[in-house]
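Quick note: the sequence shown, position 260, residue 260 per the UniProt record's numbering, numbers continuous.
Remarks on the structure that follows.
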Amino acid sequence: MSILPEERKNEILKELKKTGKVKVVELVGQFQVSEETIRRDLMILEEKGLLKRVYGGAIHSVFQSEEPPFIQRTTVNHEAKVKVGKKGVELISDGDVIAIDVGTTMLEFAKQIEKKMDITIITNSLPVSSVLTESLNQNMFTGQVLLLGGQIDPKHQSISGSLTEQMLNQFNIDKAFISAGGFSIQNGVSNYHLHETLVSRKMVEVSKQVILLTDSSKIGVDTFSKICPLEKMDVVVCEQPYPEVWKDHPELGMMNWVVA
1 MSILPEERKN EILKELKKTG KVKVVELVGQ FQVSEETIRR DLMILEEKGL LKRVYGGAIH
61 SVFQSEEPPF IQRTTVNHEA KVKVGKKGVE LISDGDVIAI DVGTTMLEFA KQIEKKMDIT
121 IITNSLPVSS VLTESLNQNM FTGQVLLLGG QIDPKHQSIS GSLTEQMLNQ FNIDKAFISA
181 GGFSIQNGVS NYHLHETLVS RKMVEVSKQV ILLTDSSKIG VDTFSKICPL EKMDVVVCEQ
241 PYPEVWKDHP ELGMMNWVVA
């Protein structure tokens, strides 16, 4: 099997998503290259944080506890996030009360909101609230924006804490738009940061409908703290279909998977 090195690395990652692990011996046979070449591929992928090398192969880089600061993530998978954001806006109806949590996908989502009438948007994201305030000033939509109170995280530009969670109990929310550090069949939707996770978990709890906006790089990834199981999601918006290996899982029958 003669393919380019980058294609080979992509195939290795695809196999990881399917099975959760890869073995050097099997990859050598599959790609007809040396063990040294495969080990070098795995080392490069590990340096990028995409897997964890173990004896004889590699496993998913699971339960990751840290991610880059917000500003560094704005350009990562940007095109996919824009597509997901645009598709997500189609799910907003006039008169809706919606909650938006944190992250760069949510920022792209907020930038696309226009031509909606009398909507109320509740968020704990500083960049999202800033973008929406400017959109209101330019009459791109009508309604109001509520920024939740609490403790500010300057690195990730989010607001969280018990005050934030208590405020969410005061509202009747139609739709919660949730982001993810990762999501998998086994462990559901997760995030890197406990305090942000608790706010997102509260949004899920108090909302009538829950919509996950995510790019495909999060599929099959488990990060530090769990937001909720997949069955809590009513809709998933992603730029790619769900993995073929997921098709027989009953959780998928409980949600609408929308391809952006």
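Where a beta carbon is used, it is the ideal one built from N, C-alpha and C, also for glycine.
Length of the line joining the Cα atoms of residue i and residue j
{"i": "Glu244", "j": "Asn137", "result": "44 Å"}
{"i": "Ile185", "j": "His195", "result": "23 Å"}
{"i": "Ser160", "j": "Ser125", "result": "9 Å"}
{"i": "Val28", "j": "Thr223", "result": "30 Å"}
{"i": "Tyr192", "j": "Ala180", "result": "9 Å"}
{"i": "Glu79", "j": "Gly49", "result": "21 Å"}
{"i": "residue 263", "j": "Val206", "result": "Because the chain in this structure spans residues 1 to 260, residue 263 falls outside the shown range and cannot be described."}
{"i": "Phe63", "j": "Leu51", "result": "Its pLDDT being 46, under 50, Phe63 is placed unreliably in this model, and the coordinates cannot settle the point."}
{"i": "Val235", "j": "Glu6", "result": "33 Å"}
{"i": "Glu251", "j": "Tyr242", "result": "12 Å"}
{"i": "Lys208", "j": "Asn187", "result": "22 Å"}
{"i": "Cys228", "j": "Arg201", "result": "7 Å"}
{"i": "Gly103", "j": "Arg8", "result": "30 Å"}
{"i": "Cys238", "j": "Gln151", "result": "30 Å"}
{"i": "Ile59", "j": "Gln166", "result": "39 Å"}
{"i": "Ser162", "j": "Leu147", "result": "15 Å"}
{"i": "Lys218", "j": "Gln240", "result": "11 Å"}
Buried or exposed by the 16-neighbour rule on C-beta atoms within 10 Å, applied to residue i
{"i": "Ser65", "result": "Because the pLDDT of Ser65 is 49, which lies under 50, any placement of that residue in the model is unreliable, and the question is left without a value."}
{"i": "Gln144", "result": "exposed"}
{"i": "Asn139", "result": "exposed"}
{"i": "Gln157", "result": "buried"}
{"i": "Ile3", "result": "exposed"}
{"i": "Gly149", "result": "exposed"}
{"i": "Gly253", "result": "exposed"}
{"i": "Asp153", "result": "buried"}
{"i": "Gly95", "result": "exposed"}
{"i": "Asp101", "result": "buried"}
{"i": "Lys247", "result": "exposed"}
{"i": "Val25", "result": "exposed"}
{"i": "Lys155", "result": "exposed"}
Contact belief for residue i with residue j at Cβ below 8 Å, rounded distance in angstroms
{"i": "Ile178", "j": "Val189", "result": "7 Å"}
{"i": "Val84", "j": "Thr105", "result": "6 Å"}
{"i": "Glu108", "j": "Lys81", "result": "4 Å"}
{"i": "Lys111", "j": "Ala260", "result": "The pair is not a contact, with the Cβ atoms about 15 Å apart (cut-off 8 Å)."}
{"i": "Ala99", "j": "Ile119", "result": "Between Ile119 and Ala99 the Cβ distance is about 12 Å, and since that is not below 8 Å, they are no contact."}
{"i": "Leu45", "j": "Lys175", "result": "Rounded, the Cβ-Cβ distance is 37 Å, inconsistent with contact."}
{"i": "Lys232", "j": "Val204", "result": "6 Å"}
Beta-ladder partner(s) of residue i, from DSSP
{"i": "Thr133", "result": "Paired residues: none, contrary to the question."}
{"i": "Asn256", "result": "Val235"}
- Task: Scan the UniProt domain "HTH deoR-type" (5-60) and note each continuous alpha helix (DSSP H) run of 4 residues or more that stays entirely inside, going in chain order.
- Result: Complete alpha helix (DSSP H) runs here, min 4: 5-19, 24-31 and 35-47.
- Task: Kindly provide the ranges of any beta strand (DSSP E) runs that are 3 or more residues long and lie completely inside the stretch 168-249, ordered along the chain.
- Result: Listed in chain order, they are 173-178, 182-184, 188-191, 207-213, 225-228 and 235-238.
- Message: Please give me, in chain order, every unbroken run of the alpha helix (DSSP H) with length at least 4 that falls completely inside the stretch 98-167.
- Response: The DSSP assignment places 104-112 and 126-137 as complete runs of the alpha helix (DSSP H) inside the stretch 98-167, in order along the chain (cut-off: 4 residues).
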